[in-house]
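Undergrad: For the sequence shown, the working numbering assigns the number 3 to the initial residue and increments by one for each residue that follows. Ideal Cβ placement from N, Cα and C applies to all residues, glycine included. This is the structure I have questions about; it appears just below.
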Amino acid sequence: MIIVNVKDNESVDRALKRFKKKFERTGVLKELRARTFFEKPSVSKRKQKERAKYKQTLFAKDNY
Numbered sequence: 003m004i005i006v007n008v009k010d011n012e013s014v015d016r017a018l019k020r021f022k023k024k025f026e027r028t029g030v031l032k033e034l035r036a037r038t039f040f041e042k043p044s045v046s047k048r049k050q051k052e053r054a055k056y057k058q059t060l061f062a063k064d065n066y
């Protein structure tokens with residue numbers, strides 16, 4: 003459960019923005035979207051490997 007304490011003289015919009023940021027960090031929405039359709043384990047592993055490969059190429063470009 004996410005709790006956001008509203009500080010004195012803080013607007014509701016600012017508190018809502020902090021709530022949305024905390025909610026996004028938990029990954030609930032991402033997991034919900036992933037569970038809408040069943041994905042075979044082989045497909046999920048393949049996607050995970052592709053993501054890791056992409057991150058490795060980005061990391062390699064940053065170091066050179």
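1) Who are the Cβ neighbours of Asp64 in its own chain at under 6 Å, not counting the five residues just before and after it?
2) State the CB to CB distance for the pair Val6 and Lys24, rounded to an integer number of angstroms; the pair is presumed to be in contact (CB under 8 Å).
3) Over what stretch of residues does the alpha helix (DSSP H) that includes Glu12 continue unbroken?
4) Between which two residues does the alpha helix (DSSP H) containing Lys55 stretch?
5) What is the DSSP secondary structure of Thr28, reduced to helix, strand or coil?
TA: Looking at the coordinates:
1) Taking the first residue of the sequence shown as 1, we reach residue 64 at position 62. So no residue of the chain qualifies.
2) Here the question's residue 6 lines up with position 4 in the sequence shown. Here the question's residue 24 lines up with position 22 in the sequence shown. That belief holds up - the Cβ atoms of Val6 and Lys24 are roughly 7 Å apart, short of 8 Å.
3) Along the sequence shown, read from residue 1 onward, the residue named residue 12 stands at position 10. Per DSSP, Glu12 belongs to no alpha helix (DSSP H) and is neither H nor E.
4) Here the question's residue 55 lines up with position 53 in the sequence shown. Here the alpha helix (DSSP H) through Lys55 covers 43-65.
5) As a first step, residue 28 must be located in the sequence shown, where it is residue number 26. In this structure, Thr28 counts as helix in the three-state DSSP scheme.
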